[in-house]
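Asker: Top to bottom, those sequences are chains A and Z. Terminal number for the first sequence in our numbering: 1701, no gaps in between. Terminal number for the second sequence in our numbering: 769, no gaps in between. A virtual CB, placed ideally from N, CA and C, is assigned to each residue, including glycine. Quick caveat: nothing in here was measured; it's all calculated off a predicted structure.
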Amino acid sequence: MSKKFLSGDEAFAYGIRLARPDVISAYPITPQTVVVEKLSDFVEDGSLKSNFIHVESEHSALSCAMGVSAAGARAFTATSSQGLLYMAECLVYASGGRFPIVMMNANRSTALPWNIYGDQRDSLALLDSGWIQSYAQDGQEALDMALMSYYIAEHKKVQTPFMVNLDGFVLTHTYEVVDVPEQAQADEFLPSFETENKFDFESPKNLAFSAGPETNTFFKVKEHLGLLNASAVISEAEERFAKIFGRKYSGLTENYKTEDADYIILTLGSVSGLIRQAVDELRDEGLKAGLVRIRYMRPFPVSEISAAVKNAKALAVLEKDVSFGAEGTVYTNVNSALKKNALEIPSKNFIGGLGGKDISLREIKDIFLKLKDVSEGQKLSDVNFLGVDVKGE
Amino acid sequence: MITAKNLNEEEFFYGHKACAGCGGSLAVRIALKVLGEKAVAVLPAGCMSAVGFNYPQLCFSNNAIISTFAGTASMMTGVLAGLRARGITDAQVVGFAGDGGTADIGIQALSGAIDRNDDVLYICYDNEAYMNTGIQKSSLTPFGARTTTTPAGNNIRGNIRPKKNVFEIIAAHDIPYAATATVGYLQDYINKVEKASKIRGTKFIHVIAPCPTGWGVKTDETVDVAKEIVDTGLWYLAEYENGEFTLNHKPESFSSVENYLKRQARFRHLTDDDIQAITAGRDSKWEHILKFWNVKK
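1) Does the separation of the CB atoms of Val767/Z and Ile747/Z fall below 8 Å?
2) Starting from the beta carbon of Asn526/Z, find every residue of chain A whose beta carbon is closer than 8 Å, and list them in chain order.
3) Please go through the same chain and pick out, in chain order, the residues whose beta-carbon is closer than 7 Å to the beta-carbon of Phe1553/A, but skip the five residues on each side of it.
4) Nearest-angstrom Cα distance between Ala1378/A and Ser539/Z?
5) Helix, strand or coil: how does DSSP classify Tyr657/Z here?
6) Our contact map puts Asp587/Z next to His678/Z with C-beta atoms below 8 Å; I'd like the distance itself, whole angstroms only.
7) Mapping the DSSP letters down to three states, classify Ile750/Z as helix, strand or coil.
8) Enumerate in chain order the residues of its own chain whose CB-to-CB distance from Ala651/Z is below 6 Å, with the five nearest sequence positions on each side excluded.
9) Could you tell me which of Ser1611/A, Lys1678/A, Val1344/A and Lys1464/A sits nearest to Leu1626/A, measuring between CA atoms?
10) Just to confirm, is the Cβ distance from Leu1479/A to Ser1578/A under 8 Å?
11) Roughly how many whole angstroms lie between the Cα atoms of Asp1568/A and Gln1390/A?
12) Could you spell out where the beta strand (DSSP E) holding Thr718/Z opens and where it closes?
13) When the distance is taken between beta carbons, is Ala569/Z closer than 8 Å to Gly518/Z?
14) The beta strand (DSSP E) spanning Arg735/Z covers which residue range?
15) Taking CB distances under 8 Å as the criterion, tell me whether Ser1263/A reaches chain Z.
16) Taking Met548/Z as the query, report the chain A residues whose CB atoms sit under 8 Å from its CB, ordered along the chain.
17) Thinking Gly567/Z and Met548/Z are a contact (beta carbons under 8 Å), I'd like their distance in whole angstroms, please.
18) Within this structure, are the beta carbons of Val689/Z and Tyr597/Z separated by less than 8 Å?
19) Does any residue of chain Z have a CB that is nearer than 8 Å to the CB of Asp1681/A?
20) Relative to the alpha-carbon of Met603/Z, which residue among Lys636/Z, Leu515/Z and Trp687/Z has its alpha-carbon at the smallest distance?
21) Taking Cβ-Cβ distances shorter than 9 Å, what residues in chain A pair up with Met748/Z?
22) Cα separation between Asp1487/A and Ser1511/A?
23) If you run the structure through DSSP and keep just helix, strand and coil, what is Tyr1322/A?
24) So, with DSSP's three-state summary, where would you put Ala490/Z?
25) Less than 7 Å between C-beta atoms, sequence neighbours within five positions excluded: which residues of the same chain meet that for Leu1669/A?
26) So, under 8 Å CB-CB, Gly1476/A and Ser1388/A are touching, yes? Tell me the CB distance rounded to an integer number of Å.
27) Starting from the beta carbon of Val551/Z, find every residue of chain A whose beta carbon is closer than 8 Å, and list them in chain order.
28) Beta-carbon of Asn535/Z versus every beta-carbon of chain A: anything under 8 Å?
29) At a CB-CB cut-off below 7 Å, which residues of chain A make contact with Ser772/Z?
30) Which residues in the same chain have their Cβ closer than 8 Å to the Cβ of Lys1673/A, if we skip the five residues on either side of it in sequence?
31) What's the C-alpha gap between Asp562/Z and Asp744/Z?
32) Just to confirm, are Asp1690/A and Glu1635/A a CB contact at a threshold of 8 Å?
33) Are there 16 or more other CB atoms within 10 angstroms of the CB of Ile628/Z, so buried, or fewer, so exposed?
34) Answer yes or no: does any C-beta atom of chain Z fall closer than 8 Å to that of His1481/A?
35) With 8 Å as the threshold, decide whether the Cβ of Val1410/A is near any Cβ in chain C.
36) Run the proximity test for Leu1515/A: is its beta-carbon closer than 7 Å to any non-hydrogen atom belonging to the ligand SAM?
As C-alpha cells, then:
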C-alpha cells in the first residue's frame, strides 16, 4: 500500500487499474476527463495492460463495452451529464442484457441552462435504467468502489452493470491523500472475469434477443432479482474487502450519530462531510442531530433507512436533483421506505446544489433547526429549494 | 475460391421468419456460408434481427447479438476487442445492418470504426427503405420511390431526394476495402465477402437486397430485379482498394430503365419526365465512373 495525493477522478483511475479491465472505451466529457486521461497514461506506461479504445460518442462507448462483455471480457467506461443521457438507450440495453460493465459517472448538471458543475440530476434521472447506483463521498471511497464494483457487478447472482457516481468537481477535482493498495492485494480480492453470458465457439449463442409478451416478464423479473441480490453481495464484498485491505464499509447506507438522533438528514455523496460537521456542532449545542448517507440508490436501502430513522422526530432529505412536477427523487424513495415500514415520521425535502451551487454549513444547520420546528408543529412546505426565493404564480 | 458448387452446406441462418423472397435474408445467409462457423454476427434493430432473434426461436447457429440501432459498428469494435482479450484471433466479426441502420442512424459509429481501422466486416443490406417498420424513406431510398412517408400524390411525387452515396462516403475514409454488390449477382457478392474476410482492417460491403413487399414485385422476382438494377446501370458493381475505385462489371449496353422502374409498384406513378431524369442521372454517374475509375474488362 502507498499513500498518494490524488483527485477523486485520479483515485478512481487507480482503482480501475487495480481491477485490470481488458478494454476501456472512452469518450471525453467534463468533469470525467481526468479518469480517462489517467487511464490512458497507465496504458502508455505499461502499468495497465488494457486495450484503450477511442470511441466517437458516449453511445458508442457503452455500445462498445457491451460488445466486450458479450465476448467475455471485462469492460470499463466513464461519462457525465449529457453524455450519460446520450447513452441512456445503452444503459437499459446493458442491464437487460445482463452485461456487468462498470462505469464511473461524474455527477454534473444537465442542460438547459448549460452548466458543467455538479448536481445529481444526471444519474437520478436514470435511476430506473436497471443499474446498480452508488455514490462515493471521498477519494478513498471512490478508489475502493472502483475495485468493489467489479466484484459486485460480476457476481453470478447479480450480473448487473454498475454505475459509481462521484460529485463533479467537489469530488472529481479535489485532492486528498488516498491509500492505493498493492496489485497483489487487488488480485486476491477480485477474481478474473467469468460469465456464462458470452459467446462460445463450442456452443454458439444468440445474445440480446427479442422476447415477446409471453416471455418478457420472465426476463424482467430475473433482472429485478439480480439487483435485489446485489444487497447481500455488497455485504459479502465489503467483508472480503475489509479482510484484505483493512478498510470497512457499511453497506447500502452509512449512519452517523443516528442511534439517539431526533433530527436526521438523509443525503447522497460528498455533501455528507459537511453535514457531519453540522451534526457535531449542533450536538455541542444540545440538538440531537444525525446523518444517513445513502451509499446506494439501487438497490434501494428500504430496511436500512427505516431502521436508522425509526426513533427520529423529523427527517429531511437533502438532494441535488428535481423530478420536475413532483419532488426530489431521493425524497420519493425515502418516503416509500418509511411507508413500507409504517413509520409516521414527518419528512421534508430540501433541494440544493443545483448547477454546482455551494451548500453552506449554515444552510445545513438551518435544515436541522427547521426539522425541530416541524416536530413541534410548525408548518413547512414539503419541498424546499435552498438559496432561492421564487414563489409560485 | 468459393462458388455455388463448394459453398458451405451448413446453414448458419435458418428457421427465421423473413417474408418470402426476402433479399436481406439471402444476403445474410450467403455471407455466413462464406465466413463460416467462426463468424460472430452483430445486427441492429431491423428486418434481420426482427425475423431471426425472437426468444426462444433464435435462428443463428453462429454466435450472434442484436446491437442498438445506432450501435452496430461500435458493438463490433467491442466484440472484436473482447475476443482479442480472450486470445481469440481467428473469429470474423461481421455486421449486418440495413440501409437506415447504416446510412442514417448508424453512420456515426460506422465512421468511428473505420477511423480506428477495426478489423471487422460491415455488410449493409440495402432494401432502400425502413422495411421493418413498414416502408418509410431512408437516405438510401432512391429518387422517385413511393414509401409510406414519401407518398406519391398530386403534391408530392414520392421521394424527391437522390440516394445518399454511401459507398463513396465510406471510401473517403480511405478504408482498406469497400465494395458494392447485389444479391442478383451472387458469385460477385460471394467473391467480395471472401476477399474482404482475408483483408485486415475495416471492410465494408454495400449489397442491394430487394424487398418484394416494399418494392412491389413478386416474391420470385427478387434475384431478377436485383440483377436488373445492375443491367440498367442504376447500380454498379465496384470496389475501393488501395486508394482506387475499380468497376468490376461493365454492361455492354444498358437494359431499359423504364422497364426496371415500371415493374415495381413503388415507381409506378413516375412520369416520362421522371424516368428521363433518372436516366440522365445514371448517365452522368457513368460518365464519371468511366472517366475516373479503373474499369475491369
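Answerer: Taking the structure as given:
1) By the CB criterion at 8 Å, Val767/Z and Ile747/Z fall outside the cutoff.
2) By Cβ distance, chain A contributes Phe1517, Ser1518, Ala1519 and Gly1520.
3) For Phe1553/A, the CB contacts under 7 Å within the same chain, skipping 5 residues up- and downstream, are Pro1489 and Gln1493 in chain order.
4) Straight across, the Cα-Cα distance linking Ala1378/A with Ser539/Z is about 11 Å.
5) Coil, per DSSP.
6) Distance from Asp587/Z to His678/Z at the Cβ level is roughly 18 Å; contact not present, criterion being Cβ atoms closer than 8 Å.
7) Helix at Ile750/Z.
8) These residues qualify, in order along the chain: Lys664, Ile677 and Glu711.
9) The option with the nearest alpha carbon to Leu1626/A is Lys1678/A.
10) Cβ atoms of Leu1479/A and Ser1578/A: closer than 8 Å.
11) About 42 Å.
12) Segment Glu716 to Leu719, the beta strand (DSSP E) holding Thr718/Z.
13) In contact: Gly518/Z and Ala569/Z (Cβ atoms closer than 8 Å).
14) Counting along the chain, Arg735/Z falls outside any beta strand (DSSP E), and DSSP gives it neither H nor E.
15) For chain A, the structure presents residues 1309 to 1701; residue 1263/A sits outside this window and is missing.
16) Within 8 Å of the CB of Met548/Z, the CB atoms of chain A belong to Gly1375, in sequence order along the chain.
17) Right, the Cβ-Cβ distance comes to about 5 Å (below 8 Å), so this counts as a contact.
18) Taking a C-beta distance under 8 Å as the contact criterion, Val689/Z and Tyr597/Z do not qualify as a contact pair.
19) So, not an interface residue.
20) Taking Met603/Z as reference, the option from Lys636/Z, Leu515/Z and Trp687/Z with the minimal CA-CA separation is Trp687/Z.
21) The sequence shown places Gln at residue 748/Z, not Met. Those within 9 Å of Gln748/Z in chain A number zero; the least Cβ separation is about 41 Å.
22) Rounded to whole angstroms, Asp1487/A to Ser1511/A spans 44 Å at the Cα level.
23) In the structure shown, Tyr1322/A adopts helical secondary structure according to DSSP, grouped into three states.
24) Ala490/Z: coil per DSSP, three-state reduction.
25) Within the same chain, Leu1582, Gln1585 and Ala1586 come within 7 Å of Leu1669/A by CB-CB distance, once the 5 residues on both sides are set aside.
26) That pair is a contact at about 7 Å.
27) Taking a Cβ-Cβ threshold of 8 Å, the residues of chain A close to Val551/Z are Gly1375, Val1376, Ala1378, Ala1379 and Phe1507, in chain order.
28) Yes, Asn535/Z counts as interfacial toward chain A.
29) Residue 772/Z falls outside the range modelled here, since chain Z spans only 473 to 769, and no answer is possible.
30) Cβ within range, chain order: Ala1586, Glu1589 and Leu1590.
31) Using only the alpha carbons, I get a separation of about 53 Å.
32) The Cβ atoms of Asp1690/A and Glu1635/A sit closer than 8 Å to each other.
33) That one is exposed.
34) Any Cβ of chain Z closer than 8 Å to the Cβ of His1481/A would place that residue at the interface, and such an atom is absent.
35) The structure shown contains no chain C; its protein chains are A and Z.
36) The ligand SAM is not among the ligands present in this structure, which contains no ligands whatsoever.
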